[in-house]
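Worksheet: one structure, shown below.
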Amino acid sequence: MADGMSWRRGSERFPTSLEGRISFDGDASPIDCVMSDLSTTGARLGFSEVAEIPLEFELQIPEAGACARVRLVWTRGQEAGVMFTD
638 MADGMSWRRG SERFPTSLEG RISFDGDASP IDCVMSDLST TGARLGFSEV AEIPLEFELQ
698 IPEAGACARV RLVWTRGQEA GVMFTD
């Protein structure tokens with residue numbers, strides 16, 4: 638994965654602590670996450686443990702009633718950066 642530097646600098650980020658869930662095609666169970674920051678182009682997600690994350694998936698934020706298709710840009714330990722694709 639690329640380090641995501643150009644992506645992170647693309648738009649202003651805002652701190653948040655919204656609980657979310659990622660889901661993807663197949664029979665895999667959804668993975669819980671916390672969105673630690675958000676911008677108009679993407680978000681940083683935190684996980685309780687290192688997780689196997691697909692390159693593209695659906696990010697659900699039930700508290701905000703939001704759902705978006707995203708692409709994985711970078712991973713570092715229990716964190717991941719994603720870019721909105723829709």
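Numbers 638 to 723, taken from our numbering, label the letters of the sequence shown in order. For each residue, glycine too, the CB sits at the ideal point set by N, CA and C.
Hey, how far is the Cα of residue i from the Cα of residue j?
i           : j           : result
residue 721 : residue 656 : 17 Å
residue 649 : residue 677 : 8 Å
Residue i and residue j look like a contact to me (Cβ under 8 Å); what is the Cβ gap, rounded to whole Å?
i           : j           : result
residue 681 : residue 667 : That pair is no contact at about 19 Å.
residue 683 : residue 716 : 5 Å
residue 694 : residue 675 : At roughly 17 Å, the Cβ-Cβ gap does not stay under 8 Å, so residue 694 and residue 675 are not in contact.
residue 691 : residue 661 : 5 Å
residue 671 : residue 714 : Between residue 714 and residue 671 the Cβ distance is about 14 Å, and since that is not below 8 Å, they are no contact.
Give the secondary structure of residue i by DSSP, where H, G and I count as helix, E and B as strand, and everything else as coil.
i           : result
residue 701 : helix
residue 677 : coil
Provide the residue(s) that pair with residue i in DSSP beta bridges, ordered along the chain.
i           : result
residue 690 : Answer is none; residue 690 lacks a bridge partner.
residue 671 : 656, 683
Please classify residue i: is it buried, with 16 or more other beta-carbons within 10 angstroms of its beta-carbon, or exposed?
i           : result
residue 718 : buried
residue 641 : Unreliable positioning characterises residue 641 in this predicted model, as indicated by a pLDDT of 48, which lies under 50. A coordinate reading is not provided.
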